[in-house]
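Residue numbers (the working numbering), protein chains in the order written: chain A, 57 to 203; chain B, 57 to 203.
Where is the CB? At the ideal position from N, CA and C, for every residue including glycine.
Source: prediction; values computed, not measured.
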DNA sequence: CATATTACTTGTTAAATGCAAGTGAAAAAT
DNA sequence: ATTTTTCACTTGCATTTAACAAGTAATATG
């Protein structure tokens, strides 16, 4: 990995590197939707985010993959499709995203109030559910890929 | 303010608008440092972030102010200085930042492990401390500005 | 009153993003 | 079997945003 100009400062304080990974208009949304809406394919992201450019989506997925937040595997049932999945590191962002959604809900008028209520009422349970869903999807993938 | 192309999608799901506010390389770092390192002035940010451009810093502070995350008030003791402060909305981001720091610390090697330990060991207490510090600073400001 | 600080602004250049069109491989339809 | 679709992209170009260097206005300090 090549050192950048500001390498010295990078790890001086926690967050600097993370913000390099996540500090853009799309990455967090992509992660949110993989986590909460079970998005897996390029097409799903593309159709959902009005405004994202196709090359940018490709680039963000590549970067998330390079940063170990996401993996990509071809769909065993359809060779055209690539299934994107969160890694353990990626699902580890669930508390961050949850707090962010709660903050957002407190200060913007957002949709999906049901989800927000659930997060507020039982944050721990919600996070456990998110992780469970993720583990199920991973298990499913392992099965279909052939153990 | 002109409506943007993707205005329709903006509030459909929580987070979209927030990511518009915070989804860039600097905003979250600025907020972190106002929260955790008590940064107040333009100069402090400028000296700390190797790599930030002066016009971009000015723009980010302006945007954070416009979004109600930060306020700016002239220093009563030095008319050149502007003191930036987090608003209630801004300090509301403390849980987000905290989770982000914890995530970052788990996946990068970061400095300030003492802080990280504290966050991990007693998250609630840590957050209470952050809020208390913020309230003290606000009280102080009220006093010096003249009640 | 000269010099220094602070918080910027104003160009200009470089990089990132947005947009339209196109590509190649695999699947579905005819 | 071959044409048409679908999917996951890439490529080229226009536009926007960010980085860098320099300058400015309003204090403050010596």
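Comparing alpha-carbon positions, which option in the options lies nearest residue i?
i                      : options                       : result
residue 92 of chain B  : A:71, A:92, A:153 and A:88    : A:71
residue 183 of chain A : A:158, A:167, A:196 and A:154 : A:154
residue 77 of chain A  : A:197, A:174 and A:118        : A:118
residue 247 of chain A : B:73, B:74 and B:80           : For chain A, the structure presents residues 57 to 203; residue 247 of chain A sits outside this window and is missing.
residue 192 of chain A : A:102, A:94, A:98 and A:115   : A:94
residue 189 of chain A : A:84, A:85, A:100 and A:90    : A:90
residue 115 of chain A : A:170, A:134 and A:86         : A:86
residue 136 of chain B : B:99, B:103 and B:176         : B:99
Leaving aside the five residues before and after residue i along the sequence, list all residues of the same chain whose C-beta is less than 8 Å from its C-beta, in chain order.
i                      : result
residue 122 of chain B : none
residue 172 of chain A : 157, 158, 161 and 166
residue 197 of chain A : 129, 139 and 141
residue 64 of chain A  : Confidence is the limiting factor: at residue 64 of chain A the pLDDT is only 35, short of 50, which leaves the residue's position unreliable, though a coordinate-based value still follows. Excluding residues within five positions, none has a Cβ falling inside 8 Å.
residue 187 of chain A : 147 and 150
residue 62 of chain A  : Low confidence applies here, because residue 62 of chain A scores a pLDDT of 35, under 50, leaving its location unreliable; read the following figure in that light. So no residue of the chain qualifies.
So, residue i versus residue j, is the Cβ gap smaller than 7 Å?
i                      : j                      : result
residue 140 of chain A : residue 128 of chain A : yes
residue 82 of chain B  : residue 152 of chain A : no
residue 148 of chain B : residue 126 of chain B : no
residue 97 of chain A  : residue 124 of chain A : no
residue 138 of chain A : residue 130 of chain A : yes
residue 113 of chain A : residue 101 of chain A : yes
Using a Cβ-Cβ cut-off of 7 Å (strictly less than) and excluding sequence neighbours within five positions of residue i, which residues of its own chain qualify?
i                      : result
residue 174 of chain A : 182
residue 88 of chain A  : 153
Which same chain residues, not among the five before or five after residue i, have their C-beta less than 6 Å away from its C-beta?
i                      : result
residue 194 of chain B : none
residue 168 of chain A : none
Practice task
Pick out the complete beta strand (DSSP E) segments inside the stretch 124 to 153 of chain B, 3 residues or longer, and give them in chain order.
Solution key: 126 to 131 and 134 to 142
Handout entry: Complete alpha helix (DSSP H) runs within the stretch 73 to 110 of chain B (minimum length 4 residues, chain order)
Key = 83 to 92 and 98 to 104
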